[in-house]
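Participant: Just passing along the structure, written as structure tokens.
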Amino acid sequence: MHEELLYKTYYEKIFPLIEDVEIYRRELCNQLILRSILFSSIFSVLLGVIVYFEERNIIYAISFGIVSMIVFFTANFLRAPQKKLFSAKLKDKFFYTVIKSFTQIDLWQKNRKESEIIPYNELIESGLFSDFTYRKNDDEFRGVYKGVKFDVSECELFFQTPMTEPSIVFKGLIIKFKSNKRIAQRTIIASKRKSPIKFLLAFIVTVLYLSFRLGIENILISLAAGVVVAAVLCFTTSLRLTAKESKSDIKLEDINFSKNFDVYSEDEVEARYLLTPTFIEKFLKLKKVMKADTVKCSFYNNSIMIAVRSEKDFFELGSLFKNVSDLSTIENFYRDISIIFELIEYFKLDVKIGL
């Protein structure tokens, strides 16, 4: 059904508007290419001249200039503001048209009374996020799908103190909707943490530094210090990330799910009731479809919140470097949005179930 909606929406509502957008895309692309060539040429020539006067070697200077030109050209392409301009243009023209082909959507206005579509207190109550001090929002919308009200926010959460630079706590997509099942206690699903590379790195750096300062004859002291530093880092990270997960660790029968996710709950009976085989199947599918780094989910206060951590830009409807008539990007968009609605449909309100 969703595939039929895709092609119906595309040919009836999007295709007639493509010509103007394609002209705009080509203009931006040409602008980017010319700008990249100009700036990379200027910088590479300047660097080549500097290298020549330093080394007095024309071959070395030319080689350095060519390499620097390639680097500058590539960097300019990767950081191109034209990509954001084009993405904004596409979303302005097509985003809500495509979304509305699924369901009723309430266009989120930034000048409403609420500052964010999913407020700070909701994020904290979910227990999915470690401490953060501020956030940056990208795409945000809310709507109703088969009777279920939902909120979607693509955002970044940051933690900063007066003495430190901001660090990213979370970057990705947050989805929140109401459950048809009464949820009295909090249950959290979290992707299993990857191997502690940073702890090993902390150990190696500490050992190397102290070996250099104290001498190789004090290697045992250096090794002991490395172990202590890695242990402290592990402990503090664990405190920060799992303070909200310090509940019962639930083991489920699904081997594939248990291999990739941990489940924490304040009520084991309720957790097992919520985590049905159907839900687990859809949750695993969501992680795969969205190509997420990690996925977390919280059942709390009759609500469900899902946090999909990923570096990718969600809900992209096209690329500056691809013809607008290419359907592949819109198909990816539909895959992302379809799995969200599949999950919402599972918790639809038209069949109320109580514990």
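Residue numbering for the sequence shown follows my numbering, starting at 576 and increasing by one per position.
For every residue, glycine included, the Cβ atom is placed at its ideal position computed from N, Cα and C.
Values in this document were obtained by computation on a predicted structure and should not be read as measured data.
1. With a threshold of 16 other CB atoms inside 10 Å of the CB of D726, please say whether the residue is buried or exposed.
2. Considering just the uninterrupted stretch of the beta strand (DSSP E) at T869, what are its terminal residues?
3. Need the endpoints of the alpha helix (DSSP H) that V844 sits in, please.
4. Go ahead and pull the three-state DSSP assignment for R910.
5. Which residue comes first and which comes last in the alpha helix (DSSP H) that contains A663?
6. Starting from the Cα of V719, find the closest Cα among Y839, I750, G702, E891 and give me that residue.
7. Taking the continuous alpha helix (DSSP H) assigned at K857, which residues delimit it?
8. Is the segment 865-875 touching the segment 752-767 in the sense that three or more CB pairs, one from each, lie closer than 8 angstroms?
9. Verify whether the separation of the beta carbon atoms of L698 and E729 is less than 8 angstroms.
10. How is L732 classed by DSSP in three states: helix, strand or coil?
11. Let's test the definition: count the other Cβ atoms within 10 Å of the Cβ of Y941 and tell me whether it reaches 16, buried, or not, exposed.
12. Give the straight-line distance between the Cα atoms of N696 and F874, rounded to the nearest whole angstrom.
13. Could you pull the start and end residues of the alpha helix (DSSP H) that E697 belongs to?
14. Please report the residue range of the beta strand (DSSP E) in which S840 lies.
15. What are the partner residues of M644, as DSSP defines its beta bridges?
16. For G893, name the three-state secondary structure that DSSP assigns.
17. Starting from the Cα of L732, find the closest Cα among M738, K746, V723 and give me that residue.
18. Does E602 come out as helix, strand or coil in the three-state DSSP assignment?
19. Would you kindly work out how many angstroms separate the C-alpha atoms of E843 and E691, rounded to a whole number?
Facilitator: Reading it off the structure:
1. buried
2. 869-875
3. 843-849
4. helix
5. 656-665
6. I750
7. 852-864
8. yes
9. no
10. strand
11. The structure shown does not extend to residue 941, since the chain is modelled only from 576 to 930, so the question has no answer here.
12. 15 angstroms
13. 695-701
14. 836-840
15. Partner(s): none; M644 has no beta bridge.
16. coil
17. K746
18. helix
19. 33 angstroms
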